[in-house]
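Here the structure comes first, spelled out in C-alpha cells, and everything after it is commentary.
Number of protein chains: 2
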Amino acid sequence: MQQIEKHACFGGWQEVWTHESHLLNCPMRFAVYLPPQAKERKVPVLYWLSGLTCTEQNVITKSGIQRYAAEHGIMIVAPDTSPRGESVADDAAYDLGQGASFYLNATQSPWCNHYQMYDYILHELPRLITTHFAANERKSISGHSMGGHGALVLGLRNPNDYVSVSAFSPIVSPSQVGWGQKAFTAYLGDDRAAWQQYDAVALILQGHDKKAFLVDQGLDDPFYAEQLCTQNIENACQQMHIDAQIRYHAGYDHSYYFIASWIEDHVAYHAKQLQRSIE
Amino acid sequence: MQQIEKHACFGGWQEVWTHESHLLNCPMRFAVYLPPQAKERKVPVLYWLSGLTCTEQNVITKSGIQRYAAEHGIMIVAPDTSPRGESVADDAAYDLGQGASFYLNATQSPWCNHYQMYDYILHELPRLITTHFAANERKSISGHSMGGHGALVLGLRNPNDYVSVSAFSPIVSPSQVGWGQKAFTAYLGDDRAAWQQYDAVALILQGHDKKAFLVDQGLDDPFYAEQLCTQNIENACQQMHIDAQIRYHAGYDHSYYFIASWIEDHVAYHAKQLQRSIE
C-alpha cells in the first residue's frame with residue numbers, strides 16, 4: 001500500500017492509494033475520501049464504480065461527492081475501473097479491455113488472468129479498506145454507466161453485503177445491448193446463460209433480491225435509448241413488485257455535470273439506510 | 001460565437017463557447033454557467049480567472065461552483081487563461097506564454113501582439129456576455145493563484161466595474177516573487193515602475209481602492225511561502241486600513257479540492273454584494 005495523493009477537502013481528506021492486488025495480479029489504484037468523522041470513529045463506506053474509460057479520478061475530481069460525504073460521515077471508496085498495466089490484456093477499442101472491465105469475473109482467455117473485478121470489489125478491496133482505514137463493516141454501492149451496472153449487479157447478488165444500492169445512467173441489461181454483448185462475448189464466451197448473473201434486469205426477474213434502489217437517468221443522455229434502456233429495469237421492478245425509485249431528468253446528459261447535480265440525493269439515500277442498519 | 005459544449009447542471013446550463021477575439025487576435029474559449037434564474041431575468045455575473053496551466057475547464061469541472069451559482073442566481077463566466085494557437089507566442093516553460101498570461105497587457109515583443117488579457121477581461125468579454133446572455137451590468141471577480149492575482153488587480157484598479165473581489169491562493173505581489181518577476185520581465189520589460197500597476201500589494205499601498213475583499217489561503221500550499229506570500233497583502237491592508245477578510249486554512253493545499261471546500265463562501269460573499277448594489 002502506497003499513498004500517492006492526499007488533499008484536505010471539506011474538513012476531511014481525499015487520498016489516492018496504490019496496492020498490489022492478489023486477485024487481479026497487478027498494481028491497482030483506488031481513491032478514498034475520509035470524512036471528518038473518521039478522525040473520531042469508524043464510519044460506513046459507499047463504494048463508487050465509474051464508467052467506461054474512467055479511473056479512480058473521475059468521481060473525486062468532478063462529482064462534488066465529498067461535501068455530502070462530509071455532511072453524513074460516510075467514507076467514499078472509488079476503485080479504478082479495471083486492471084491495468086503492460087502485462088494486462090487490452091483492446092484498442094474504448095469499450096473492451098483496460099478501462100472497460102464491466103465488473104465481472106472473466107472466464108475466457110486472455111482476459112481471465114486479470115479481469116476478476118467482481119471479486120475484487122466484493123472481497124479484496126473491502127478487506128483492504130476495513131484493515132487500513134477507519135471504516136466499519138457497513139457498506140453501500142453506487143456507480144455510473146458501466147459502474148451503475150456493476151453497482152446494481154453486486155448489490156442484487158449480495159444483499160447481505162450491501163445495505164443499499166443506487167446508480168446513475170446504468171447499463172441495466174447488458175445482455176440486450178451493444179456495449180454489453182461485445183464485452184460479455186469476450187470476457188464470458190458465447191454461452192448466454194453465463195451472462196445472466198451479470199445482467200441486473202435478468203437478476204431482478206430471477207427474484208434475486210426485493211430491496212428498493214435508486215436510479216437517476218438523464219433524458220438527453222446520448223446512450224439512453226440504445227445502451228442504457230432504463231425502461232427495462234422499471235418494467236422488471238414493476239413485474240416483481242420492487243419499490244425502486246427510477247427518476248428521469250429532462251435535459252440532463254451522461255456527463256459528471258448530471259452526476260454532480262443529483263449526487264447529494266444519492267449520498268443522503270445511502271446515509272439513511274446505512275444509519276438504519278445499526279439502529 | 002460558436003457553442004462547443006452544453007450540459008444541464010443544477011437546473012441551469014453549463015456551456016462553453018468560442019469566439020474570435022479582436023483584442024487578442026485569436027479564437028478564444030470561455031465557459032458560462034447560466035443559473036436557472038437566467039431563464040426568467042437578467043442576472044449578475046461572477047468572473048472567474050484560473051491559474052497557471054489552466055483553461056476554462058478547470059473551474060467548471062472541479063470546483064462545484066454551479067451549485068452555489070444556482071442557489072444565488074449568479075452567472076459564472078470563466079475565460080481561458082491566455083491567448084492560444086500556433087500564431088501566438090509561447091514558451092516551453094509552464095509559467096510563461098500560453099496558459100500563463102498573468103492577465104496583463106503586454107508591451108514587449110513578441111508578446112504584445114496577443115497578450116492583452118487585462119483589456120480582454122475588463123472590456124471585450126463583458127460586452128460579449130451582456131450582448132449574448134441574460135446578464136445584467138453588475139459583475140464581480142474572483143480567481144485562483146495567477147487568476148487570484150488577476151482578480152485582485154482588475155478589482156483594485158476598477159472599483160466601479162467590479163462590485164466585489166475575492167481570491168483563492170493569489171499571487172499577491174508578483175513583483176516580489178519568482179513567477180511574477182519572470183513573467184513581468186518578459187511581458188512588460190525591465191522597467192519595474194511598469195510592474196506596479198499589476199501588483200496587488202503595490203496597488204493597495206498606492207491607495208487605489210479601499211474596498212474590502214475576501215482571500216482564502218491553504219497553509220499546506222506548496223507555493224505559499226515562496227510565490228504567494230499572503231502575509232504581504234495582509235500587512236498592506238492593515239497599513240491602509242482596509243477591512244479585508246484573509247483566511248488561512250490548516251491542511252489545505254493549492255488544488256481544486258481546496259477551492260471546492262470553500263467556494264460556497266465566495267459565491268455567497270459576491271451574491272450579498274451584488275444584491276446590495278441594486279438596493
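Chains as they are written, first to last, in the numbering used here: chain A, 1 to 279; chain B, 1 to 279. We put the CB at the ideal spot given by N, CA and C, even for glycine.
- Spatial neighbours of Trp111/A in its own chain (CB-CB distance under 6 angstroms, excluding positions within 5 residues in sequence) are listed in chain order as Ala89, Tyr187.
- Chain order gives the chain A residues near Thr61/B as Thr61, Lys62, Tyr256, where near means a beta carbon separation below 8 angstroms.
- Counting only residues of its own chain and dropping the five nearest sequence neighbours on each side, Lys182/B has a CB closer than 7 angstroms to the CB of Asp95, Leu96.
- In this structure, Ala200/A lies away from Leu274/A, with their beta-carbon atoms at least 8 angstroms apart.
- Using a C-beta cut-off of 8 angstroms, the segment 167-186 of chain A makes contact with the segment 225-234 of chain A, since at least three inter-stretch Cβ pairs fall below that distance.
- Rounded to whole angstroms, Gln227/B and Gln176/B show a C-alpha spacing of 8 angstroms.
- Met28/B sits in a strand when the DSSP states are folded into three classes.
- Under the three-state reduction of DSSP output, Arg138/A falls in the strand class.
- The closest CA to that of Asp216/A, considering only Gln57/A, Ser142/A, Gln196/A, Leu46/A, is found on Ser142/A.
- For the pair Ile246/B and Ile259/B, the Cα-to-Cα distance works out to about 15 angstroms.
- The residue among Arg276/A, Ala225/A, Lys210/A with its C-alpha nearest the C-alpha of His254/A is Ala225/A.
- In summary, Leu52/B is buried, with 16 or more beta-carbon neighbours lying within 10 Å of its beta-carbon over all protein chains present.
- When the five nearest sequence neighbours on each side are left out, the beta carbons in the same chain lying within less than 6 angstroms of the beta carbon of Gly73/B are those of Pro35, Gln37, Val43, in order along the chain.
- Ile242/A carries a coil assignment under DSSP once its states are collapsed to helix, strand and coil.
- Nearest in C-alpha terms to Tyr198/B, of all of Asp91/B, Arg138/B, Met117/B, Gln14/B, is Met117/B.
- Closest in alpha carbon position to Leu205/B, among Thr61/B, Tyr47/B, Gln239/B, Lys139/B, is Gln239/B.
- In this structure His144/A does not touch Ser261/A by the C-beta definition: roughly 13 angstroms separates them, more than the 8 angstroms allowed.
- Within chain A, the residues whose beta carbon sits less than 9 angstroms from that of Cys9/B are Tyr252, Ser255, Tyr257, Phe258, Ala260, Ser261, listed in sequence order.
- It is roughly 15 angstroms from the alpha-carbon of Met1/B to the alpha-carbon of Leu23/B.
- Contacts with chain B at 8 angstroms (Cβ-Cβ) include Asp220/A.
- Taking a 10 Å sphere around the C-beta of Glu137/A, we find fewer than 16 other C-beta atoms and assign the residue as exposed.
- Taking CB atoms only, Gln57/B has no neighbour in chain A less than 8 angstroms away.
- Here Lys62/A is buried. Its C-beta has 16 or more other C-beta atoms within 10 Å.
- In this structure, the beta-carbon distance from Pro79/A to Ile121/A falls below 8 angstroms.
- Assignment of beta strand (DSSP E) within the segment 47-120 of chain A, counting only whole runs of 3 or more residues, yields 75-79 in chain order.
- Non-local C-beta neighbours of Leu156/A in its own chain, meaning closer than 7 angstroms and more than five positions away in sequence, comprise Ala200, Leu203, Ile204, His208, Asp209, ordered along the chain.
- In this structure, DSSP gives Tyr198/B a helical state, which the three-state scheme calls helix.
- When secondary structure is reduced to three states using DSSP, Cys9/A falls in the strand class.
- Looking at the DSSP output, Asp216/A sits in a beta bridge with Phe168/A, Arg247/A.
- Residue pairing by DSSP puts Ser21/B in a beta bridge opposite Cys26/B.
- Contacts with chain A at 8 angstroms (Cβ-Cβ) do not include Gln217/B.
- Of the other Cβ atoms in all chains shown, fewer than 16 fall within 10 Å of the Cβ of Gly85/A; this residue is therefore exposed.
- Contact check for Asn25/B against Asn113/B passes: the beta carbons are separated by less than 8 angstroms.
- Residue nearest to Ala268/A within the set Cys54/A, Glu20/A, Gln66/A, Gly150/A is Gln66/A (criterion: CA-CA distance).
- Not flagged as an interface residue toward chain B: Gln275/A, since no C-beta distance is shorter than 8 angstroms.
- Cβ contact annotation for Ser164/B (same chain, cutoff 6 angstroms, sequence separation greater than five): Ser140, His270, Gln273, in chain order.
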